[in-house]
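Chains as they are written, first to last, in the UniProt record's numbering: chain C, 1 to 227; chain A, 1 to 227.
What follows is a single structure, written as structure tokens, with notes after it.
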């Protein structure tokens, strides 16, 4: 397909696609003349992945480039692939915080992925759960920061209070991984993993809000209440 | 206690407390001289709630004022109280999106709480779940937007795919509400609800990430993989 068709099918403007080509985020098309090139389905998939990394995952162009560059090395290894995409390996954009919403203020801690052993409570939580996670995951820092924030507000809260939530997170993660079992193509798998992890986040939090409202109605609504 | 002690115990600067007093977000203290006033535990609780509304919930000062003003009217009614705090009633800061993280770009839809009937998929989801939620919740819009975003990326995804996630959200919400059963004081209950809803969000997403990593290790890690 021509670049215009690639643009139409991906929803990415032609100028942006040209920028990605120049930056090496996508392999060049097959030249059909001095000024035109043909692109195929693999370009479309790569383009979607790049958009997911930059848009949904919030990576810089250079961090996205590093990841797509590494993907070819770990193609056959889903564990390594997912580690790259989720940012749990050092050096591949892992500094991006999970930073969802208002709770995680921008506090410039670019060191978030290099704090092994500093998060004693998270270590305790993970040990209790028997989870198999690296020391590099930026998510560790996020948990630590939340616990500190709650305690700063005078709430007695420690990692044990998170245990039942973590058990539910386990089941959520199993649903997530079920949905990336499908695609055999590693790029497609990576793309799906980014999309499901990052794009679903607001919806998962919104479902919690709706469920809270429904649960509150069940527990507390009296006959005189609206609606 | 003096205002300095109130500041120390709440962690809120004296100048900010004075601003809240001027704005009517807190009732005045008991005057002990022309320039001094005494504050008590109720002031401390109110101050913490205001901070939670403005800080964690991300409300404007005027929206926070509207909520704390309404709280006294619904003091004995936990359902109404939680509705106010969660923003599911129109007119009480309900326009605040759940907008967690990168997935929900700022697109200026201040109309988010006035779209009853526009979210057919969310309606279907809620009907299937048997949830009891108002048409005003801004969380409805967030779910609709996520589904549209995923489809925009070419992923076949509809509300049915969210059902198992919603079932887990139900159990998460039950945990949330268990934790606000404790306090009898309505201000304290409201404060706890804001804190647990909004401040826990980044930690819940982080737990999902850690669980994904662990689940990926269980499913995919081969003998040659790190660590």
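Yeah, the Cβ is synthetic: ideal placement off N, Cα and C, and Gly gets one too.
Identify which residue in the options has its Cα closest to the Cα of residue i.
i, options, result
"residue 35 (chain A)", "A:63, A:60, A:2", "A:2"
"residue 26 (chain A)", "A:143, A:16, A:120", "A:16"
"residue 167 (chain A)", "C:210, C:31, C:123, C:30", "C:210"
"residue 6 (chain C)", "C:30, C:72, C:41", "C:41"
"residue 131 (chain A)", "A:72, A:48, A:174", "A:174"
"residue 136 (chain C)", "C:122, C:183, C:32", "C:122"
"residue 63 (chain C)", "C:33, C:32, C:125, C:87", "C:87"
"residue 157 (chain A)", "C:156, C:61, C:74, C:192", "C:192"
"residue 138 (chain A)", "A:154, A:148, A:207, A:119", "A:119"
"residue 170 (chain A)", "A:133, A:73, A:141, A:188", "A:133"
"residue 155 (chain A)", "C:188, C:222, C:85", "C:188"
"residue 222 (chain C)", "A:74, A:66, A:68", "A:74"
Can you have a look at residue i and say buried or exposed, based on whether 16 or more other CB atoms are within 10 angstroms of its CB?
i, result
"residue 107 (chain A)", "Because residue 107 (chain A) carries a pLDDT of 36, less than 50, the predicted location of this residue cannot be relied on, and the following value inherits that uncertainty. Residue 107 (chain A) comes out exposed."
"residue 128 (chain C)", "exposed"
"residue 151 (chain A)", "exposed"
"residue 178 (chain A)", "exposed"
"residue 22 (chain C)", "exposed"
"residue 249 (chain A)", "The structure shown does not extend to residue 249 (chain A), since chain A is modelled only from 1 to 227, so the question has no answer here."
"residue 184 (chain C)", "exposed"
"residue 14 (chain A)", "exposed"
"residue 181 (chain A)", "exposed"
"residue 124 (chain C)", "exposed"
"residue 8 (chain A)", "exposed"
"residue 149 (chain C)", "buried"
"residue 213 (chain C)", "buried"
"residue 83 (chain C)", "buried"
"residue 55 (chain A)", "buried"
DSSP three-state label for residue i, please.
i, result
"residue 64 (chain C)", "helix"
"residue 34 (chain A)", "coil"
"residue 111 (chain C)", "The predicted position of residue 111 (chain C) is uncertain, since its pLDDT is 41 and thus under 50; a value taken from the coordinates is nonetheless stated next. Residue state, collapsed to three classes: coil."
"residue 136 (chain C)", "coil"
"residue 178 (chain C)", "helix"
"residue 222 (chain A)", "coil"
"residue 20 (chain A)", "helix"
"residue 83 (chain A)", "helix"
"residue 185 (chain A)", "coil"
"residue 54 (chain A)", "helix"
"residue 131 (chain C)", "coil"
"residue 165 (chain A)", "helix"
"residue 212 (chain A)", "helix"
"residue 171 (chain C)", "helix"
"residue 3 (chain C)", "helix"
"residue 41 (chain A)", "helix"
"residue 153 (chain C)", "coil"
"residue 29 (chain A)", "coil"
"residue 69 (chain A)", "helix"
"residue 125 (chain A)", "helix"
"residue 74 (chain C)", "helix"
"residue 202 (chain A)", "helix"
"residue 59 (chain A)", "coil"
"residue 143 (chain A)", "helix"
"residue 194 (chain C)", "helix"
Please report the Cβ distance between residue i and residue j, rounded to the nearest whole angstrom; I am assuming they are in contact, meaning their Cβ atoms lie under 8 Å.
i, j, result
"residue 205 (chain A)", "residue 165 (chain C)", "Contact flag wrong, Cβ pair sits at about 11 Å."
"residue 53 (chain A)", "residue 143 (chain A)", "Actually they are not in contact, since the Cβ atoms of residue 53 (chain A) and residue 143 (chain A) sit about 24 Å apart, beyond 8 Å."
"residue 29 (chain C)", "residue 38 (chain C)", "5 Å"
"residue 10 (chain A)", "residue 57 (chain A)", "Contact flag wrong, Cβ pair sits at about 17 Å."
"residue 59 (chain C)", "residue 190 (chain C)", "Wrong, their Cβ atoms sit about 13 Å apart, outside the cutoff."
"residue 45 (chain A)", "residue 12 (chain A)", "So it is not a contact: roughly 13 Å between Cβ atoms."
"residue 199 (chain A)", "residue 146 (chain C)", "6 Å"
"residue 196 (chain C)", "residue 176 (chain C)", "5 Å"
Is the shortest distance between the beta-carbon of residue i and the beta-carbons of chain D less than 8 Å?
i, result
"residue 207 (chain A)", "Among the protein chains in the structure shown, which are C and A, there is no chain D."
Cβ of residue i versus every heavy atom of the ligand ATP: is any distance shorter than 7 Å?
i, result
"residue 204 (chain A)", "In the structure on display, the ligand ATP does not appear, and there are no ligands present to speak of."
The stretch 211-220 of chain A contacting the stretch 61-80 of chain C, beta-carbon criterion three pairs below 8 Å
Yes: at least three Cβ pairs fall under 8 Å.
Decide if the stretch 152-161 of chain A is in contact with the stretch 6-25 of chain A; the criterion is three or more beta carbon pairs, one per stretch, under 8 Å apart.
No: the two stretches stay apart, fewer than three of their Cβ pairs being nearer than 8 Å.
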